[in-house]
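Student:
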Amino acid sequence: METQIGIRGDNFVVLLSDKIVAQSIVKMKHNQDKMKQLNKNNVMSVTGEAGDVDSFSEYIEANIKLFGLRQNRPLTTSECAYWTRGTLAEALRSRSPYNVNLLIGGFNPNTKKSSLYRIDYLSSICEVPFAAHGYTSYFAYSLMDKEYRKDLTKEEAIKLAIRCVKQLDHRFLVGQPGFILRVIDEEGIHTYDSQPILENGQRSFNFVNVANNVVVSEA
Amino acid sequence: MSITQYNGSAIVAMTGKNCVVIGCDKRLGQQALTVDMNFEKVFRVKDKLYVGLPGLATDVQTLHDRIRYRVNMYDLEEERAIQPDNLAHMISNMLYQKRFGPYFCEPIIAGLTEKDEPYIMGMDLIGCLSSAPDFIVGGTASDNLYGMCEALWEPDLGPDDLFRSASQALLNAVDRDAMSGWGAVVHVITPEKTETYHLQGRQD
Chain A
36 METQIGIRGD NFVVLLSDKI VAQSIVKMKH NQDKMKQLNK NNVMSVTGEA GDVDSFSEYI
96 EANIKLFGLR QNRPLTTSEC AYWTRGTLAE ALRSRSPYNV NLLIGGFNPN TKKSSLYRID
156 YLSSICEVPF AAHGYTSYFA YSLMDKEYRK DLTKEEAIKL AIRCVKQLDH RFLVGQPGFI
216 LRVIDEEGIH TYDSQPILEN GQRSFNFVNV ANNVVVSEA
Chain B
3 MSITQYNGSA IVAMTGKNCV VIGCDKRLGQ QALTVDMNFE KVFRVKDKLY VGLPGLATDV
63 QTLHDRIRYR VNMYDLEEER AIQPDNLAHM ISNMLYQKRF GPYFCEPIIA GLTEKDEPYI
123 MGMDLIGCLS SAPDFIVGGT ASDNLYGMCE ALWEPDLGPD DLFRSASQAL LNAVDRDAMS
183 GWGAVVHVIT PEKTETYHLQ GRQD
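These protein sequence lines map, in sequence, to chains A and B. Residue numbers for the first sequence follow the working numbering, beginning at 36 and rising by one. Residue numbers for the second sequence follow the working numbering, beginning at 3 and rising by one.
See below:
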């Protein structure tokens, strides 16, 4: 029921996730940030079983930060992703596996390239141009297949994410009222919050940059 | 549906005259949903020794990591290159160590021996080895591959003809399997060199 989307451009990655924490049919929280900032230019978005999400993502976040401090060098995106996969895979065959789905996106300041990794709860990893998890994938993948280009600009990628969210809101039985979107690029991590709008009687979303209130809309 | 069919895969290994071919499809799915179209399942162990890992993607990756570790340790301890039959028994042993909680993967080994004789070997998910003089197949498209290989394989094919037979077998097998496809990779192993070909398959 949770929404998680990732889109990679040449030198940026867009990650989007919803903000709902649900227990059974009840929404318990409406403003949960489901992403963890692993270091200066890597972000991980996490969905899955409530307890597992927190304990696993905090463990990963802390260890990646610790590595950065000890070695005086931040982990690259692929290093973050593969170390996370290893940890999840080890737990998979233990008595307490974690039921979490992950997207890890980031920018490598040395190569000036971005990358996006998709890891599912079985801990199979793949490096992809765009990704989604769970029910979202049934709605978002077809749209991203159609609209994705290698030379997508940042604005176009955000607009594509908005279109996915709009489709989801329109067609998915369990619609979500709000989303958080992050863009990871050379300058660092930019955070956007969603703002519902009415467009010809149909709900859509604008995304507002939290730092400077700049609005990105689909139109 | 079995967990070995969760991600979808197709792998084929064929013997020829002083050469072997091993190939795989590139799809990674979650049941009917395709997630990645560039997921290779055949890995280089040595220049003339490859291993194909059809089955559950997470175990494909975990096993590949563990095989790489064990082969590197073998190199350091024995100070000689590992031979195909050694690798087969090493992997078989690794799988049987997990007899009651197995890796859901049925490895296929293909390579040339010290005397440049073709070697192929398959095994089940708990490491029961099975050899064949002609070809070994695996993955969700294995039924289709058996039919194709049975029709296309001939004894003593040269590298070019063998590449053609294996490629046609693979491409036509995955076209009738919904769980595998999206192009293929084929490695042609000869005493002189190993060449890798990326095949464009049906993209639907």
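Yeah, the Cβ is synthetic: ideal placement off N, Cα and C, and Gly gets one too.
1) Restricting to Cα atoms, I'd like to know which of Y199/B, M75/B, L30/B and T36/B is closest to S169/B.
2) Evaluate contact between the region 149-164 of chain B and the region 227-245 of chain A, counting only Cβ atoms and requiring at least three cross-stretch pairs below 8 Å.
3) Looking at the C-beta of T187/A, does it have a partner C-beta in chain B at a distance below 8 Å?
4) Can you give the Cα-Cα distance for K54/A and P109/A, rounded to whole angstroms?
5) What residues match up with G41/A in a beta bridge as DSSP calls it?
6) Given a limit of 9 Å on CB to CB distance, which residues of the region 82-97 of chain B reach chain A?
7) With distances taken Cα to Cα, identify the nearest neighbour of D45/A among A124/A, L187/A, A175/A and V218/A.
8) Mind pulling the alpha helix (DSSP H) runs of 4 or more residues that sit fully within the region 69-145 of chain A?
9) Going along chain A, which residues have a C-beta under 9 Å from L35/B?
10) Once DSSP output is grouped into helix, strand and coil, what is the label at A153/B?
11) Beta strand (DSSP E) containing K48/B: first to last residue?
12) Please identify, using Cβ separations under 9 Å, the residues of the region 135-150 of chain B that lie next to chain A, in order along the chain.
13) Report the option in C107/B, K19/B and G25/B whose CA atom is closest to the CA atom of A175/B.
14) At 8 Å on the CB atoms, spell out the chain A contacts of L30/B, in chain order.
15) Closer than 8 Å, Cβ to Cβ, to anything on chain B: give me those residues from the region 127-140 of chain A, in chain order.
16) What's the C-alpha gap between N137/A and E222/A?
17) Relative to the alpha-carbon of I215/A, which residue among L51/A, G41/A and E37/A has its alpha-carbon at the smallest distance?
18) CA-CA distance, R120/A and F174/A?
19) Tell me, please, whether the region 156-167 of chain A touches the region 51-69 of chain B by the rule of three or more beta-carbon pairs shorter than 8 Å.
20) Which partner residues of G140/B appear in the DSSP bridge assignment?
21) Under a three-way DSSP split, which group does S4/B fall into?
22) Compute the Euclidean distance between the alpha carbons of D136/B and I84/B, then round it to the nearest angstrom.
23) I want to see whether chain A comes within less than 8 Å of Q63/B, judged by CB atoms only; does it?
24) Residue range of the beta strand (DSSP E) that I128/B falls in?
25) Give the interface partners of R153/A over in chain B, defined as CB-CB distance under 8 Å, in chain order.
26) Taking the straight line between their C-alpha atoms, what separation do you get for Y52/B and N66/A?
27) Given that a residue counts as buried once 16 or more other Cβ atoms are within 10 Å of its Cβ, and exposed if not, what is H205/A?
28) Quick check on the burial criterion: 16 or more other C-beta atoms within 10 angstroms. Buried or exposed for R204/B?
29) Got a sec, what are the start and stop residues for the beta strand (DSSP E) F214/A sits in?
30) On a CA-only basis, which of R130/A, I232/A, V209/A and G169/A is nearest W197/A? Give me that one, please.
31) Give me the residue from L97/B, V37/B, S132/B and G18/B with the minimum Cα distance to C107/B.
32) How big is the Cα-Cα spacing for A167/A and D180/A?
33) Does the distance from the C-beta atom of D228/A to that of V245/A stay below 8 Å?
34) Please look up how many angstroms separate the CB atoms of K69/A and S80/A, rounded, as I've assumed it's under 8 Å.
35) Would you call the CB atoms of V200/A and G140/A closer than 8 Å?
36) For G103/B, go through chain A and note every residue whose CB falls closer than 8 Å to its CB, in chain order.
Tutor: Reading it off the structure:
1) Y199/B
2) no
3) In the sequence as presented, Thr is not what sits at residue 187/A; that position holds Leu. No, L187/A lies away from the interface with chain B (no Cβ there is under 8 Å from its Cβ).
4) 28 Å
5) L50/A and A166/A
6) none
7) L187/A
8) 85-106 and 112-127
9) S172, Y173 and Y176
10) helix
11) V44 to K48
12) none
13) Ranking C107/B, K19/B and G25/B by Cα distance to A175/B puts G25/B first.
14) S159 and C161
15) Contacts with chain B (Cβ-Cβ distance below 8 Å) from the region 127-140 of chain A involve L127 and R128, listed in chain order.
16) Per the sequence shown, residue 137/A should be read as Leu rather than Asn. Each residue's alpha carbon lies about 23 Å from the other.
17) L51/A
18) Approximately 26 Å, taken between the alpha carbons.
19) yes
20) In DSSP, G140/B forms a bridge with I13/B.
21) coil
22) 23 Å
23) yes
24) No beta strand (DSSP E) contains I128/B, which DSSP labels as neither H nor E.
25) V37 and D38, listed in chain order.
26) Here the alpha carbon of Y52/B sits roughly 50 Å from the alpha carbon of N66/A.
27) Residue environment for H205/A: exposed (fewer than 16 other C-beta atoms within 10 angstroms of its C-beta).
28) exposed
29) F214 to D220
30) According to the sequence provided, residue 197/A is Ile. The question's Trp does not apply to it. Nearest of R130/A, I232/A, V209/A and G169/A to I197/A, Cα basis: I232/A.
31) L97/B
32) 12 Å
33) yes
34) At roughly 6 Å, the Cβ-Cβ gap stays under 8 Å, so K69/A and S80/A are in contact.
35) no
36) Simply R128.
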